[in-house]
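Numbering (full-length UniProt numbering), first residue to last: 1 to 351.
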């Protein structure tokens, strides 16, 4: 391109699904699930809700915002699906074949997503930010269709590729997946410079900025239960999210560094109990803890992963994960056993 970088337009969206009212827990998802598709009058096509990233916005935040704008529904993200890329000049066309590699392209990342109730949506307003409904000139029809009908309605082959990935996820049990957000506390004052007790060591101003920015990303998963080590740096990492969502913080003594050092099996028992409760329930839980505790939990969780790829994401060496970041862990119940089917790194955009 004569020294010029190829233009890449970034976008995000998702397959929003719901279970039919008469479906029970053991229902076949292929017949019991309905999918949300939207019609764009500009292109006269049927597609998944999606849209371009705004300035200083993550893919996941854009996915939730664009779905909300185009469908009028507040959603929470589940497992990640895939990325699609096609020539920008093929937008709206039935054929999206690759052309000149130097031409501008559009990259779209997709997630599984479910609708949250009005009460949960109200709690998410402050940490997530505003969502404005798309104009009728952008989206003029929204329909819920069974999987087989949605496949026929979709205009583009790339959208059917995303549907295929969604169906693969359903075969893993992802239609019933729940999320546990594992957070490492934000950057704290160094042990050398702090004169007080370790349990009262606070986060730094930079750590506070990271914790605040992280809330915007965590809100994409609709955390309802906010659990934390009672030590100050973990409390302060979760405090802003608790205030914004008006959700109470729960304190779990076994997640402190001292408790883990004294009885790591008790810490694992309490963490595993939370994983099981999350997999069996209908609420996203969040838990904030310390570096050495995270390492211990990673070692135990590896055997719960459905693939070696997921196991490798649970790093075996310190620091395990950076301060002020999170992992979104998707868990399902499989024959009475909790299984991890997806892990996503969640990092804040601080500007």
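We treat Cβ as the ideally placed atom computed from N, Cα and C, and that holds for glycine.
Taking DSSP as the reference, what is the three-state secondary structure of residue i?
| i | result |
| --- | --- |
| residue 210 | helix |
| residue 300 | helix |
| residue 265 | helix |
| residue 313 | helix |
| residue 188 | strand |
| residue 47 | strand |
| residue 337 | strand |
| residue 19 | strand |
| residue 353 | Residue coverage of the chain in this structure runs from 1 to 351, which leaves residue 353 outside it and unanswerable. |
| residue 349 | coil |
| residue 2 | Model confidence at residue 2 stands at a pLDDT of 48, short of 50, so the residue's coordinates are unreliable and nothing is read from them. |
| residue 289 | strand |
| residue 139 | coil |
| residue 215 | helix |
| residue 82 | strand |
| residue 283 | coil |
| residue 87 | strand |
| residue 231 | coil |
| residue 53 | coil |
| residue 167 | helix |
| residue 238 | helix |
| residue 131 | coil |
| residue 154 | coil |
| residue 162 | helix |
| residue 116 | coil |
Which whole-angstrom value describes the C-beta separation of residue i and residue j, a residue pair presumed to lie in contact below a C-beta threshold of 8 angstroms?
| i | j | result |
| --- | --- | --- |
| residue 226 | residue 275 | So it is not a contact: roughly 16 angstroms between Cβ atoms. |
| residue 306 | residue 172 | 7 angstroms |
| residue 75 | residue 131 | About 10 angstroms; that fails the 8 angstroms criterion. |
| residue 346 | residue 325 | 6 angstroms |
| residue 174 | residue 332 | 7 angstroms |
| residue 201 | residue 213 | About 21 angstroms; that fails the 8 angstroms criterion. |
| residue 341 | residue 157 | That pair is no contact at about 26 angstroms. |
| residue 166 | residue 81 | 6 angstroms |
| residue 245 | residue 123 | 4 angstroms |
| residue 104 | residue 9 | 7 angstroms |
| residue 70 | residue 139 | 5 angstroms |
Please work out which residues of its chain come closer than 6 angstroms, Cβ to Cβ, to residue i, disregarding the five sequence neighbours upstream and downstream, and give them in chain order.
| i | result |
| --- | --- |
| residue 199 | 231 |
| residue 109 | 12, 59, 83 |
| residue 1 | Note that residue 1 scores 44 on pLDDT, short of 50, meaning its location in the model is unreliable; the coordinates nonetheless yield the value given after this. Same-chain partners within the cutoff: 102. |
| residue 18 | 34 |
| residue 150 | 35, 37 |
| residue 300 | 268 |
| residue 128 | 219 |
Which residues share a DSSP beta bridge with residue i?
| i | result |
| --- | --- |
| residue 14 | 111 |
| residue 203 | 188 |
| residue 249 | 226 |
| residue 326 | 183, 346 |
| residue 42 | Partner(s): none; residue 42 has no beta bridge. |
| residue 146 | 34 |
| residue 105 | 8, 87 |
If we count the other Cβ atoms within 10 Å of its Cβ and call it buried at 16 or more, is residue i buried or exposed?
| i | result |
| --- | --- |
| residue 337 | exposed |
| residue 243 | exposed |
| residue 322 | exposed |
| residue 319 | exposed |
| residue 251 | exposed |
| residue 135 | exposed |
| residue 88 | exposed |
| residue 190 | exposed |
| residue 269 | exposed |
| residue 52 | exposed |
| residue 294 | buried |
| residue 141 | exposed |
| residue 159 | buried |
| residue 313 | buried |
| residue 316 | exposed |
| residue 65 | buried |
Keeping to the same chain, check which residues put their C-beta closer than 7 angstroms to that of residue i; ignore five residues upstream and five downstream.
| i | result |
| --- | --- |
| residue 288 | 183, 185, 228, 229, 234, 237, 238 |
| residue 240 | 211, 212, 215 |
| residue 304 | 338, 339, 340 |
At a threshold of 8 angstroms, does residue i count as lining the ligand ADP (C-beta to nearest heavy atom)?
| i | result |
| --- | --- |
| residue 262 | As presented, the structure is devoid of all ligands, the ligand ADP included, so that no description of it is given. |
Going along the chain, which residues of its own chain have a beta-carbon closer than 8 angstroms to the beta-carbon of residue i, five neighbours each way excluded?
| i | result |
| --- | --- |
| residue 259 | 253, 266, 267 |
| residue 181 | 218, 221, 223, 284, 285, 286, 287, 326, 327, 328, 329, 346 |
So that I know if they touch, is there some Cβ in chain B lying closer than 9 angstroms to that of residue i?
| i | result |
| --- | --- |
| residue 163 | No chain B is present in this structure, which holds just one protein chain. |
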